[in-house]
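Asks:
2 protein chains.
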Amino acid sequence: MKNTKEKILQKALDLFVIKGYSGSSIRDIAKEVGIRESGIYNHFSSKQAILEAIIEKLSSGPVAKVILTDDLLDKITEPEIFIRDFARKIFEFWQTENERALIKLILSEQFHAIGEVEISLNSYLEEYLNITKMIFTELIKHKLFKKGNAGIFAESFIGFLFLLRLKYLDFPSNKEVLKKIDEHSKIFWESVKK
Amino acid sequence: MKNTKEKILQKALDLFVIKGYSGSSIRDIAKEVGIRESGIYNHFSSKQAILEAIIEKLSSGPVAKVILTDDLLDKITEPEIFIRDFARKIFEFWQTENERALIKLILSEQFHAIGEVEISLNSYLEEYLNITKMIFTELIKHKLFKKGNAGIFAESFIGFLFLLRLKYLDFPSNKEVLKKIDEHSKIFWESVKK
DNA sequence: GTCTATAAGGAGATAGAC
DNA sequence: GTCTATCTCCTTATAGAC
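Chains as they are written, first to last, in our numbering: chain D, 3 to 196; chain V, 3 to 196.
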């Protein structure tokens with residue numbers, strides 16, 4: 003087999019999302035991969051170790067690096083354009099297969115204590131809120147936004163975006179969603195412009 | 003026992019939220035209730051039947067009746083006050099024990115097919131979005147809001163509110179959250195006022 | 001309505017052959 | 001690295017006594 007370890011992680015993730023962590027057995031995973039239960043233990047020491055490896059793999063590092071690209075930051079002097087493209091960029095990232103699966107896994111398992119594995123929607127959202135707050139703080143400082151609480155602005159902004167993410171979790175990206183993101187960005191702009 | 007059936011539902015809900023539906027066994031539930039596994043089957047025909055009864059019990063009927071009280075609707079001619087109190091009222095409702103448990107259950111189990119039981123976050127949110135859209139349509143019609151897409155306005159409004167709900171799901175209501183709701187309502191008002 | 005006893009199968013995990 | 005075989009415990013669910 004080319005890479006059984008990777009295949010285990012992939013099939014396990016699929017199962018965890020569809021049936022939940024507790025609802026998926028080592029036997030299920032092995033069946034999907036095409037090996038026996040005992041074969042799994044050549045790659046992972048336990049079911050929990052598989053979950054840990056999945057979380058590790060999906061938590062791909064600092065989000066800011068992916069979202070805050072140079073060409074996006076270049077637009078920051080035109081804040082109306084900037085926040086529209088910023089919203090698009092975040093949503094586009096959330097739209098990737100990896101990220102959709104991660105969000106589903108977090109939503110499903112956040113309240114369930116699974117050994118020492120910590121799965122927190124708050125931590126996930128906090129990262130986006132912090133990036134957004136940081137940027138909005140700058141925009142306020144440079145008088146491109148009106149004076150106000152950057153943290154609250156960030157929550158309003160991420161709020162509608164995440165609601166859309168939740169609403170369309172099971173549907174592929176389409177024009178309708180993109181149009182909504184633009185409309186929301188415009189409404190948001192109305193409330194923060196000078 | 004006073005009402006074993008009720009106690010089963012209560013303890014099962016607690017367990018489903020903490021350990022998930024698949025992660026909770028009939029044995030766990032019976033233990034919490036203080037009877038044997040087989041005793042459960044005098045009240046429910048299966049584990050799934052318990053879940054169905056819980057969903058049935060928690061889905062307490064039309065939300066509009068609870069949220070849209072007369073004293074709230076009286077304020078509709080002062081839209082800035084109205085949306086603040088509307089936001090407070092929704093959040094206050096979400097803050098009840100029942101509703102917090104329901105939201106956690108929906109978040110946890112929405113992706114997992116459990117027999118014929120349908121658990122959908124979209125349906126849950128749609129109810130709030132529809133009520134809000136309906137009200138905002140009226141406000142636009144009576145020129146208390148500026149012209150615009152009432153559906154998009156509703157998503158912006160419910161968006162930040164639900165983000166706050168997610169952020170504070172594990173904490174009791176406090177002044178900080180209430181202050182945030184008021185601030186968000188104010189920002190939202192800035193974007194929809196004429 | 002709750003109990004004991006038990007069925008029948010699924011769970012996670014290990015030993016040792018190949 | 002995968003297999004067969006097996007262990008031990010847990011799972012849902014039922015039968016029948018009290």
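Ideal placement from N, C-alpha and C gives every residue a C-beta, glycine not left out.
State the Cα-Cα distance for the pair Ile28 of chain D and Ile52 of chain D, rounded to the nearest angstrom.
Replies: Their Cα atoms are separated by approximately 10 Å.
Asks: Cα separation between Leu75 of chain V and Lys169 of chain D?
Replies: Cα to Cα, Leu75 of chain V sits roughly 28 Å from Lys169 of chain D.
Asks: Touch check for the region 96 to 110 of chain D and the region 163 to 183 of chain D: three-plus C-beta pairs under 8 Å?
Replies: Yes: the two stretches touch, three or more of their Cβ pairs being nearer than 8 Å.
Asks: Taking just the CA atoms, how far does Asn132 of chain V sit from Asp73 of chain V?
Replies: In a straight line, the C-alpha of Asp73 of chain V is about 20 Å away from that of Asn132 of chain V.
Asks: Between His45 of chain V and chain D, is the shortest Cβ-Cβ distance under 8 Å, so that the two count as touching?
Replies: No - not a single Cβ of chain D is within 8 Å of the one on His45 of chain V.
Asks: Can you confirm whether Asn132 of chain V, when its beta carbon is compared against all beta carbons of chain D, has any partner nearer than 8 Å?
Replies: By this cut-off, Asn132 of chain V is not an interface position.
Asks: Going along the chain, which residues of its own chain have a beta-carbon closer than 6 Å to the beta-carbon of Lys196 of chain D, five neighbours each way excluded?
Replies: Lys148.
Asks: What do you reckon, is the C-beta of Leu17 of chain V under 7 Å from a heavy atom of the ligand MN?
Replies: What this structure holds is no ligand at all, so the ligand MN is not there to describe.
Asks: Is it right to say Gly117 of chain D is buried, meaning 16 or more other beta carbons lie within 10 angstroms of its own, or is it exposed?
Replies: It counts as exposed.
Asks: Using alpha carbons as the reference points, say which of V:Ser62, V:Ser48, V:Leu70, V:Gln50 lies closest to Met136 of chain V.
Replies: For Met136 of chain V, the nearest C-alpha among the options comes from V:Leu70.
Asks: Confirm, please, whether the CB-CB distance from Leu107 of chain D to Phe18 of chain D is below 8 Å.
Replies: Against a cut-off of 8 Å, the Cβ pair of Leu107 of chain D and Phe18 of chain D comes out as a contact.
Asks: CB-CB under 6 Å to Ile121 of chain V, same chain, minus the five flanking residues each way: which ones, in chain order?
Replies: Correct list, in chain order: Ile108, Glu111, Gln112.
Asks: Thinking just about the alpha-carbon of each residue, which of V:Leu11, V:Ala55, V:His186 is nearest to the one in Arg86 of chain V?
Replies: The shortest Cα separation from Arg86 of chain V among V:Leu11, V:Ala55, V:His186 belongs to V:His186.
Asks: For Ser158 of chain D, which residues in chain V fall below 8 Å Cβ to Cβ?
Replies: Simply Ser158, Gly161, Phe162, His186, Ile189, Phe190.
Asks: Run the CB neighbour count on Ser26 of chain D, radius 10 Å, all protein chains shown included, and call it buried at 16 or more, exposed below.
Replies: Ser26 of chain D is buried by the Cβ-count criterion.
Asks: For Phe113 of chain D, return the contacting residues in chain V, with the cut-off set at a CB-CB distance below 7 Å.
Replies: Ordered by position in chain V, the residues that pass the 7 Å Cβ test against Phe113 of chain D are Val19, Ile20, Lys106, Ser110.
Asks: Whole angstroms are fine: how far does the CA of Val179 of chain D sit from the CA of Trp191 of chain D?
Replies: So the alpha carbons of these two residues sit roughly 18 Å apart.
Asks: Locate the alpha helix (DSSP H) running through Pro81 of chain V, then write down its first and last residues.
Replies: Pro81 of chain V -> alpha helix (DSSP H) spans 81 to 96.
Asks: Three-state secondary structure (DSSP) at Ile116 of chain V?
Replies: Correct three-state label for Ile116 of chain V: strand.
Asks: Do Ile42 of chain D and Val119 of chain D have their C-beta atoms closer together than 8 Å?
Replies: For Ile42 of chain D and Val119 of chain D, no; Cβs fall outside 8 Å.
Asks: In the structure shown, what three-state DSSP assignment does Lys148 of chain D receive?
Replies: Three-state DSSP puts Lys148 of chain D in coil, outside helix and strand.
Asks: Taking only the alpha-carbon atoms, compute the straight-line gap between Glu34 of chain D and Glu34 of chain V and give it to the nearest angstrom.
Replies: Cα to Cα, Glu34 of chain D sits roughly 36 Å from Glu34 of chain V.
Asks: Using three-state DSSP, classify Thr71 of chain D as helix, strand or coil.
Replies: Thr71 of chain D falls in the coil class under three-state DSSP.
Asks: For the candidate residues V:Ala55, V:His114, V:Ile189, V:Ala66, whose alpha-carbon lies nearest to that of Lys9 of chain V?
Replies: The candidate whose alpha carbon is nearest that of Lys9 of chain V is V:Ala55.
Asks: Taking Ser48 of chain V as part of the alpha helix (DSSP H), name the residues at either end of that continuous run.
Replies: Premise fails: Ser48 of chain V is in no alpha helix (DSSP H) and is neither H nor E.
Asks: Where Ser125 of chain V and Gln50 of chain D are concerned, what is the direct C-alpha to C-alpha distance, given to the nearest angstrom?
Replies: Their Cα atoms are separated by approximately 32 Å.
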